[in-house]
Every structure is written in C-alpha cells, then in structure tokens.
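Reading through the structure tokens given below for one structure.
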Amino acid sequence: MSILVTGGAGYIGSHTCVELLTEGYDVIIVDNFSNSGPDTVNRIEEITSKKVKTYDINLLDSSRLETVFAENNIEAVIHFAGLKAVGESVEKPLHYYETNIGSTIQLCKTMEKYGVYKLVFSSSATVYGLPEQVPIEENAPLKAVNPYGNTKIIIEDMLRDLATSNNNWRISLLRYFNPIGAHKSGLIGEEPSGIPNNLMPYITQVAAGVREQLSVFGDDYPTKDGTCIRDYIHVVDLALGHLQALKKIETYTGVQAYNLGTGTGYSVLEVVDAFEKATGITIPKKIGPRRPGDAPVSYADPTKARTELQWEAKRTLIEMCEDSWRWQVHRKAQLESK
Ligand code: WQD
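Here the sequence shown stands for residues 1 to 338, where the numbers follow this note's numbering.
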C-alpha cells in the first residue's frame, strides 16, 4: 500500500516525503514541477536511500491522474499541490481558483472512483484572516483576506460536503502557521522563485549577499516591538504532524481540522535577532511601510493537535534559523558547482 503525495517535490511536500519514507511508508509523488525541480526527488532519495515513484502530472489532467491510481495500490493521499503566493492570487484570482479548487475536485473524483477515502489536506492559518483573538483555536471564525486564503476555505467547505455525502471519507485538514527551516542535511529546503515574499527566505538571501537588506514591513503595530508577530514552525515538525494525522485518520470518519503551530509567537525583529545569533551574520535592515493585509498578531493554540494527534512542535527558533541558513549555503554552493 502506498501514500500518494501530490506536490511532493515542494517545500513541505518534500520534507513530508522524507519522514514518510523514514517511517517505512511506500511513497508515490505526483508533481507538475511548476514550483520545484525533479532533482528535489533525487535528493529525497539521497536522504532516505529509498526510491520514490514519481509522476510529472498536472492534477487537472484527469486521464493522466487516473493512471496513477490504476497503476498503484494507493492507501491514502496527502494533498499539497497548489498555488500559494498571496500577492499573485490577488493579481490572478481565476488562475488560483481554477488550479487549487479544480485540482482538488479532480483528485477527489479519482479517489472516489478507486475507493480511496483517506485524505490529508494542506490547509493554512490564512483561513483565519485577521484573527479576532489569539491564540487561535480551530473553531475560530474563518475569513479570507485574499483569493489564496479563499481557495483554502472553499476547499475545506467542499471536503466537508463530500464527507457528508459519503461516510467512507476520512479527512484531516492541517492548518499550517509559518513554516520555516529545512532538513538538517541541507539537501532540501524552501526555494522560492524570484524575490521571496516570505520573511525567512528573504533573510537568508540577505545573509548570502543575494539581497542588499531586509525591509521590515512596519514597526508601528500594537506589539512588543511594533513589528508583526507570527507562529514560526520548523518544517520538519510540520512534516511529522502529517504522519500523526495519517495515523489518526484510521480512528474516525468525516472531517477534522488541526492547527499545526508551536503556540508561541515571535516578532519580525525577534526572528532577525535569532538568525543573527544562530549564524553570527548581521542582517542589514530598514523599516519600510506596512504590507497591506498583514495581521498584527497570529499564533496557534495547538492543543487539539497535541491531544488528538499526540503531536507537538519541538524544534526551536534558533534551530529553524540554523537549518534555514545551512540549506541556503548548501544550495548556493550546489547551484554554483553546476
Ligand atoms: C511574516 C512576517 C511580514 C517579508 C504567509 C502567507 C500564508 C502562509 C505563510 C501559505 C509578516 C514580515 C515579511 C519581508 C517583512 N503561506 N515580512 N519583510 O504573511 O505571515 O504568511 O506565509 O500558506 O498564507 O500569508 O508570512 O513570511 O510573508 O511574513 O517584514 O521581506 O514578516 O510583514 O509580518 P505571513 P511572511
């Protein structure tokens, strides 16, 4: 029996594949490599010394997606594949709705056709929009503040309706807070194309001299140092949360949502300070204007995941910074050696 991982060559997908393989699962990756490269799969195999069957497929291509199910004995699916750039979703909403929702519809239709009813879905804390209170619990109101977040809310609602229509479905919605860090090997990590939108990859590129300085998006928020607070979680902790969700899914039918966060918030300046302490590198920075849509404070109440998934994040902010930097150094050296 195999676990099908859509988007398995991506940042969180690749780290989850490593942990699945290490745990002894057989893994199949479906990825269209729009946001990653096939060599990521080679590096997953190098880390684990396991082979991974891979299909270069767009999930919207229903006939090619069907071959994956026809050729393999799939037990469950972890669905990462999708577009996730907030700013781009504002510019190209139809592309985001068609891709994220359309591909999930195709996936679920094919799963039903082949009697595969166990699904772990990659959701996001962005479904909470601008949270009314923190820490955020799973029953907090959902409110999209951008098309990307709205695709996640719509897909969550769609999956609830699906489970209501057919009680064979066992679905876990994992709401990620702010994944950063990388596998200790330095072989896999976050590799945004173009100018990084997110804080940590921007910091590592400043540290590597790829970017001149960090622009801190506002220091006049109602927080301890005026900069926004987020729940940064090590991507390996996040990956391990998926393994626990997969095990938990055997115990219920229907849909359960879980916050995957540490429960601790850090400000932008605290992250910069931690990175400087972890690496000994000073990060040049300037205070810039606020970024529209940023919530002042967002961090998880991870109690439900801790009690129901027997999971909690263990890696520290310093480790997240050390591991992010190691990946940046290894990857730059690897690309320069080509
Ligand atoms: C974190 C903090 C910025 C860059 C996003 C998506 C969310 C999820 C995780 C997919 C904020 C500040 C950032 C910079 C800065 N992705 N910042 N200078 O916005 O919390 O969440 O990634 O699911 O959907 O919205 O993360 O890393 O972009 O920003 O000051 O150059 O760092 O203002 O306060 P965010 P982020």
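Ideal Cβ positions, reconstructed from N, Cα and C, are used throughout, including at glycine.
Checklist entry - At what residues does the alpha helix (DSSP H) containing residue 275 begin and finish? => result Judged by DSSP secondary structure, residue 275 falls within the alpha helix (DSSP H) whose first and last residues are 268-279.
Next on the checklist: Which residue wins for smallest C-alpha separation from residue 285, given the options 218, 138, 135?
Outcome noted: Looking at the Cα atoms, 218 is the closest of the given residues.
Next on the checklist: Along the chain, where does the alpha helix (DSSP H) containing residue 212 start, and where does it finish?
Outcome noted: Per DSSP, residue 212 belongs to no alpha helix (DSSP H) and is neither H nor E.
Checklist entry - Just how far apart, CA to CA, sit residue 318 and residue 145? => result For residue 318 and residue 145, the gap between their C-alpha atoms comes out near 31 Å.
Checklist entry - Which residues mark the beginning and the end of the alpha helix (DSSP H) in which residue 79 is found? => result Premise fails: residue 79 lies in the beta strand (DSSP E), 74-79, not in any alpha helix (DSSP H).
Item to check | the ligand WQD heavy atom lying under 8 Å from the CB of residue 197 | outcome: Shortest gap from the CB of residue 197 to any heavy atom of the ligand WQD: under 8 Å.
Checklist entry - Quick one: what does DSSP say residue 57 is sitting in, helix, strand or coil? => result Under the three-state reduction of DSSP output, residue 57 falls in the coil class, being neither helix nor strand.
Checklist entry - Is any heavy atom in the ligand WQD found nearer than 8 Å to the beta carbon of residue 13? => result No, the Cβ of residue 13 stays beyond 8 Å of every heavy atom of the ligand WQD.
Next on the checklist: Less than 9 Å between the C-beta atoms of residue 137 and residue 259, yes or no?
Outcome noted: Yes; because the gap between Cβ atoms is below 9 Å, this pair is in contact.
Checklist entry - Would you call the CB atoms of residue 163 and residue 102 closer than 9 Å? => result Result no, Cβ atoms of residue 163 and residue 102 do not sit closer than 9 Å.
Next on the checklist: What does the alpha-carbon distance come out to for the pair residue 283 and residue 315?
Outcome noted: So the alpha carbons of these two residues sit roughly 23 Å apart.
Checklist entry - So, helix, strand or coil for residue 254, using DSSP? => result Judged by DSSP in its simplified three-state form, residue 254 adopts strand.
Next on the checklist: I need the boundaries of the alpha helix (DSSP H) containing residue 331, first residue and last residue.
Outcome noted: In the DSSP assignment, residue 331 falls within the alpha helix (DSSP H) that extends over 317-337.
Checklist entry - Within the chosen definition, does the region 116-131 reach the region 210-224 through at least 3 CB pairs nearer than 8 Å? => result No, they do not touch.
Item to check | Span separating the alpha-carbon of residue 186 from that of residue 248 | outcome: The alpha-carbon atoms of residue 186 and residue 248 are separated by roughly 30 Å.
Item to check | Helix, strand or coil at residue 291 according to DSSP, with G and I counted as helix | outcome: Here residue 291 sits in coil by DSSP.
Checklist entry - When you compare each of 123, 180, 16 to residue 47 by their alpha carbons, which one comes out closest? => result Checking every option, the nearest Cα to that of residue 47 belongs to 16.
Item to check | residue 144 - DSSP class collapsed to helix/strand/coil | outcome: Secondary structure at residue 144: coil, using DSSP grouped into helix, strand and coil.
Checklist entry - What span of residues does the alpha helix (DSSP H) with residue 96 cover, start to end? => result Its alpha helix (DSSP H) spans residues 93-96.
Checklist entry - So, residue 78 versus residue 2, is the Cβ gap smaller than 9 Å? => result Cβ distance not < 9 Å, so residue 78 and residue 2 don't count as in contact.
Next on the checklist: Threshold first: 4 residues or longer. Then list the alpha helix (DSSP H) segments lying entirely within the region 120-194, N to C.
Outcome noted: Unbroken alpha helix (DSSP H) runs of no fewer than 4 residues, entirely contained in the region 120-194, are found at 147-165, following chain order.
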